[in-house]
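Residue numbers (the numbering used here), protein chains in the order written: chain A, -14 to 337; chain B, -14 to 337; chain C, -14 to 337; chain D, -14 to 337.
Number of protein chains: 4
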Amino acid sequence: MLQVGVIGTGMIGQDHIRRMTSVLAGVRVTAVADVDTTVAASVGARIGAPAFETGEALIADPSVDAIVVCSWGPTHEQYVLAAIAAGKPVFCEKPLATTQDACLRILDAEVAHGSRLVQVGYMRRYDDAYRALKATLGTGQIGAPLMMHCAHRNASVPGFYEKEMAITDTAVHEIDMVRWMFDDEITAVRVLTPRRSSLGGELQDPLMLLFELSSGVLVDVETSVNIRYGYDIRGEIVGEEGTAALGSLSPVQVRKAGFAADPVPADWRERFLRAYDVEFQEWIDALRAGGRPVGPSAWDGYAAAVVSDAGVAALRSGDRVPVVLTEKPKLYETEVAALAPNASAVAAGDAA
Amino acid sequence: MLQVGVIGTGMIGQDHIRRMTSVLAGVRVTAVADVDTTVAASVGARIGAPAFETGEALIADPSVDAIVVCSWGPTHEQYVLAAIAAGKPVFCEKPLATTQDACLRILDAEVAHGSRLVQVGYMRRYDDAYRALKATLGTGQIGAPLMMHCAHRNASVPGFYEKEMAITDTAVHEIDMVRWMFDDEITAVRVLTPRRSSLGGELQDPLMLLFELSSGVLVDVETSVNIRYGYDIRGEIVGEEGTAALGSLSPVQVRKAGFAADPVPADWRERFLRAYDVEFQEWIDALRAGGRPVGPSAWDGYAAAVVSDAGVAALRSGDRVPVVLTEKPKLYETEVAALAPNASAVAAGDAA
Amino acid sequence: MLQVGVIGTGMIGQDHIRRMTSVLAGVRVTAVADVDTTVAASVGARIGAPAFETGEALIADPSVDAIVVCSWGPTHEQYVLAAIAAGKPVFCEKPLATTQDACLRILDAEVAHGSRLVQVGYMRRYDDAYRALKATLGTGQIGAPLMMHCAHRNASVPGFYEKEMAITDTAVHEIDMVRWMFDDEITAVRVLTPRRSSLGGELQDPLMLLFELSSGVLVDVETSVNIRYGYDIRGEIVGEEGTAALGSLSPVQVRKAGFAADPVPADWRERFLRAYDVEFQEWIDALRAGGRPVGPSAWDGYAAAVVSDAGVAALRSGDRVPVVLTEKPKLYETEVAALAPNASAVAAGDAA
Amino acid sequence: MLQVGVIGTGMIGQDHIRRMTSVLAGVRVTAVADVDTTVAASVGARIGAPAFETGEALIADPSVDAIVVCSWGPTHEQYVLAAIAAGKPVFCEKPLATTQDACLRILDAEVAHGSRLVQVGYMRRYDDAYRALKATLGTGQIGAPLMMHCAHRNASVPGFYEKEMAITDTAVHEIDMVRWMFDDEITAVRVLTPRRSSLGGELQDPLMLLFELSSGVLVDVETSVNIRYGYDIRGEIVGEEGTAALGSLSPVQVRKAGFAADPVPADWRERFLRAYDVEFQEWIDALRAGGRPVGPSAWDGYAAAVVSDAGVAALRSGDRVPVVLTEKPKLYETEVAALAPNASAVAAGDAA
Ligand SMILES: [Mg+2]
Ligand SMILES: [Mg+2]
Ligand SMILES: [Mg+2]
Ligand SMILES: [Mg+2]
């Protein structure tokens, strides 16, 4: 039984606690902490786990084998560094940290430690459909990948959502997904601004992002965050001999009032609920088996930050902005094999 | 933590042990038993659980809160009756028992006990797509149901598969699903025999089953068990104002070699893997919350047996065969509310 | 330029006149006739064609190369017989005649004439989708056909529609289509009556028809004629190794208000508009090339009448009713080759 | 009966002659001409039409009411100008002319004539699916358009195909379609070059084109001309409240060998066969009714040339290239109403 301490008991933290308590196997939440100690105490009481005064105290406690960080973004760095200092595995919700420098400090600390302790919460890598897509690509049946078309659509966003969040909060999922899908780095970013939707107030919405990969693969991403009809995540890889796309996934088709209609998910919770479960179960299983985490690494968190910053610069300037990464530590090179997708049986077939 | 004893450690038993050990929350397998005591000992050793000489000894042991029966069909009755006698909840893989009389003995025992202890392993009720279909029906958006068209297709079946198994092993899943979908009983069965597939040897395959429900709803079920292309489960409810059908669910779409193609699952494991997980998690959750099982009841197991027998008779005679059930004990009437579907958010919308 | 005389200038007659005047190549309407001579005169004036007092006079006129019969069903026999007597090709809208005996008299007359003159207006054989389906079947890629599932759904029907019309007017299209699709005869019919839709008043709607073919292929047809959501024609052939079904054919997909939705046609005009054009163009082309008609023959019209009568008897009795045809004249045997489908390039590929 | 003279009796010319002879109503080909007078004579003999020595002689002949130009691109200007000089309607296959200057000379001549005589052969405006898409947009159900995603994929291209042809021959169809779809002009073009397909030899394939419209709508077009799997034309308009896309249009769905598969057209002939028929029938109908052509105008031909040139410049430079059009003559302003789409009944419904 893996004993986990959760730092940050807000909405996401509580959801992960529920997940580790009522859904997943082999894990127990044995400690909680939050800057709001009243909330932490109340959440802890509900599951019979002590609430610690500080994240650092929680990390230090012997009842805690591994840490989940769900606190406010700007605090991620300090808790991740503390966990590394304690030699304990830490699962950090995205972003890894809020600046490139902070990410680099984490890389340095982990490299100094000598093996991976950090996993970042990019959950699309755990989604059945994305995994089937990566497995299909891996079979070679569509040939070498040349382009990928993506759309990331939200029915609506809250009032505090600002235009750069379309990159830093929304498209950042595509940034990580694309790096993982193609086992490659993004080398340049452009952002185009189409006609503005009147449903987003002053927000510049939608955006069209263009990512160049070192292999030459070109990725376009539409972000539309006020499109009303639902939450719709789409992706099609254009290969030399064919294409592979995310499927439709709707559990029912209704014929009604002049249409044959497939329901679209209402929001990301509905669409990616299972991906979060799988993400955590695999993290738990890896740690219980005595291994290191094999999900998104600190390097992935760092690269996402750099690409995201380049995207914001590209949005401001209207220009193509190159992405420049620091040299990749050997520690993360050796992780490549472990990142291979769990090829789904569904996708293993060949249409030819 | 619910402590479960598993009787029958063959393929299905081992799969459920894996599920309770590595996938689900709040459960531990604390005892195993099998007629092949060597297998039981080996499986038990792997998870650190004692192997009992007999199912009855396992049921009696205080380390066992609840029992899962995965043994050979003809032994189901004795273990279920023993569990009821011990006052312990028992999850029995389908069929509940191999004869109507045995099912009636179980009904009598459970009624005598005074509350539900038995759940039967019809897992389609736990499948996301069937649940979304039932939820869609429940919204009233397609009006009252009038017909349902079903297909149950297997790529192939093993050599020992005989023609009556198309009813007793294959269509029995539709028999249970239909009763649950419409909260209704099947009142008559017809079986028609189309042209025979040459791929099934001497087997009479496919079959066309026709079920009449007490509401007048007519259900047709195609069983094709040698259709090569994959495992394909389809269902469309025809309502007064529209229809609702199971969706396509394919995680990827491939455009390749002249086709835009959605993969079809290879077998029932792939298609219903998650339904088994949900089925057990909900059973575990209900028992841990101190409640009774709310899944398929002994009455459902009995009704499936009676309809299945009528189907076999109809296949033999070519005639319409009425289904005659015993009077339904009050115990099972009161379960109706608890059987309401978990309405999925996906399906709750209305196309109109 | 083929010179055509049209008998019956009601709605369908006028539509075919429009078609031959403004849509198709190589044809001119040179004569019209109708029991309502005022209507005939007015329609004729619009296109500059004389209106004849009687159908017989029109048939006899040297300005008429070929005849199209769109008059009231009970008059079909007399005009078809008169055309045969005149040795002129005649296209007769369905039904060929309103009784089996009348159909037999037409068969006798045409056989006595010694070559085909009659074509009956079953237009589904000219629909792109049905042709692609037949071509797919013909490639052998799904193996031998074993079953076919059909649905024939209308949004609503007029007040004078009576329950037997679900067979004689609605399912009669499936009767002809199935005979053509499988190059085979229907040998028995069953009709089941599901729960009745409240939207059809006293009408017994929907129905479930079951057709047995001499090869053993079993065909089920749902007729739902008050289903509100649109006009929906579906068909899936179950073969030994796979299935082939009519495609969805919707020109747009709309993502809106929680759904990804394909429009469904409103009525048969929208769905089969092109099939009527193709039906007539091929008939015109065959005649202009000096040949005989190769579309649905008088035998097809007769067989449809016999199966339709058996269907009505089956609806009344609830029993399986055998279909007994007279011996097939040699004249119609030799037409088989000419009836081969125009294999569409689309369908000629193989997914394997 | 419209009497048409065809200049250019190569493959496309012969296909249009076939169309006007055997498919369409109200038209007759009464004259042909080709630089290869032997071919012209042979084609003319087949349909009983005289072959003229020169296009100019054909245009002048009183047996010719209207002209169809299918000759080599560089000769288009001279024949179109000659037809205008003769005051006769002329249908010119795309391109209108091979240089912007030549297009301007045609505009000047037509403006001097005072009414429209010229139609250019951009046939996508006549495709059912594109029309349904435009009609859907016109209903307002997806709100104002903001973006459009397009793909133009060919299985392969001939050896003489050079990289600029991806713009001038391939994407030029999207250039015209987009201007028509949004009743708007393209104001700037970018061309990005993704990783190169190894199946196209030295060709820079695929390309990613980005068009800005004066309304701010942003259009992206993938051209992939060696993608092997088939000819695939896709388009999705992103509106404020939803999206509308071209449907799948496959006449059959095959379930076979692990997939549920929709066939993809093999080439543009199969995909757009009907659009050519409709294009010509509507042109014929307009002229027979005594009216002027209402299809793509000389202005449309000119605008396509300018945008296409800008695209080529953008491909060479890698920069954003503005599109600068001459002032639009009043003659073409007044045509706007006539260009309204034939709203399809299919698309007129609203999913909400
Ligand atoms: Mg995340
Ligand atoms: Mg089961
Ligand atoms: Mg007809
Ligand atoms: Mg063209």
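Just so it is clear, CB atoms sit at the ideal spot from N, CA and C, and this is done for glycine as well. Fair warning: this is a prediction, and the values are worked out from it, not measured in the lab.
- Per DSSP, E221(D) lies in no alpha helix (DSSP H) segment; the continuous beta strand (DSSP E) that holds it begins and ends at D217 to G224.
- Note that the C-beta distance between E207(D) and M193(A) is not below 8 Å.
- Interface residue (Cβ-Cβ distance to chain D less than 8 Å): G106(C) is not classified as such.
- At a cut-off of 8 Å between C-beta atoms, D217(D) does not count as an interface residue with respect to chain C.
- Close CB contacts of A42(B) within its chain, under the 8 Å cut and outside five residues either way in sequence, are with A18 (chain order).
- Here the C-alpha atom of A156(A) lies approximately 19 Å from the C-alpha atom of G227(D).
- Residues of chain D with a Cβ closer than 8 Å to the Cβ of P47(C) do not exist, since the nearest Cβ in that chain sits about 22 Å away.
- Listed in chain order, the positions of the stretch 109 to 131 of chain B with a beta carbon within less than 9 Å of a beta carbon of chain A are D112, D113, A114, Y115, R116, A117, L118, A120, T121, Q126 and I127.
- Proximity of I212(B) to chain C, defined by a Cβ-Cβ separation below 8 Å, is satisfied.
- With respect to the C-alpha of K79(D), the residue from H134(D), K313(D) and S282(D) having the closest C-alpha is S282(D).
- Per the coordinates, the alpha-carbon of G280(D) lies some 21 Å from the alpha-carbon of V49(D).
- Non-local beta-carbon contacts of L66(B) in its own chain, meaning distances under 6 Å to residues more than five positions away in sequence, involve A94 in chain order.
- The bridge partners DSSP lists for D247(D) are A245(B).
- Three or more Cβ pairs drawn from the stretch 157 to 170 of chain A and the stretch 287 to 295 of chain A lie within less than 8 Å of each other, which places the two stretches in contact.
- Collapsing the DSSP output to three states places M(-14)(D) in coil.
- Per DSSP, Q126(C) lies in no alpha helix (DSSP H) and is assigned neither H nor E.
- Comparing alpha carbon positions, the residue from V(-9)(D), G29(D) and L231(D) closest to A51(D) is V(-9)(D).
- Taking a 10 Å sphere around the C-beta of E318(C), we find fewer than 16 other C-beta atoms and assign the residue as exposed.
- Among the CB atoms of chain C, one or more fall inside 8 Å of the CB of A10(D).
- Positions of the alpha helix (DSSP H) runs, each at least 4 residues long and wholly inside the stretch 62 to 144 of chain B, are given as 85 to 98 and 113 to 123 in order along the chain.
- Ranked by how close their Cα comes to the Cα of A114(B), the residues A230(B), S209(B) and A140(B) have A230(B) in first place.
- L188(C) is the residue among L188(C), P278(C) and Y111(C) whose C-alpha sits nearest the C-alpha of F145(C).
- Chain-ordered, the chain C residues with CB closer than 8 Å to the CB of D247(A) read F244, A245 and A246.
- Taking the Cα positions, D247(D) is about 6 Å away from S235(D).
- The continuous stretches of beta strand (DSSP E) do not include M5(C), and DSSP gives it neither H nor E.
- When C-beta atoms of the stretch 134 to 144 of chain B are compared with those of the stretch 94 to 112 of chain B, fewer than three pairs fall below 8 Å, so the two segments do not count as touching.
- With distances taken between CA atoms, A242(D) lies nearest to G215(B) out of G232(B), R277(B), A45(B) and G215(B).
- Between A151(B) and D190(B) a beta carbon distance of about 7 Å is seen, short of the 8 Å cut, so the two are scored as contacting.
- For R240(C), the nearest CB of chain A lies under 8 Å from its own CB, placing it at the interface with that chain.
- For E226(C), a Cβ of chain D is located within less than 8 Å of the residue's own Cβ.
- For I160(A), the uninterrupted alpha helix (DSSP H) run begins and ends at V157 to F167, by DSSP.
- Under the three-state reduction of DSSP, Q238(C) is assigned to strand.
- In the DSSP assignment, T22(B) falls within the alpha helix (DSSP H) that extends over T22 to I32.
- At least one CB atom of chain D sits nearer than 8 Å to the CB of G201(A).
- T15(D) has no beta-bridge partner at all, per DSSP.
- For L195(D), the uninterrupted beta strand (DSSP E) segment begins and ends at L192 to L198.
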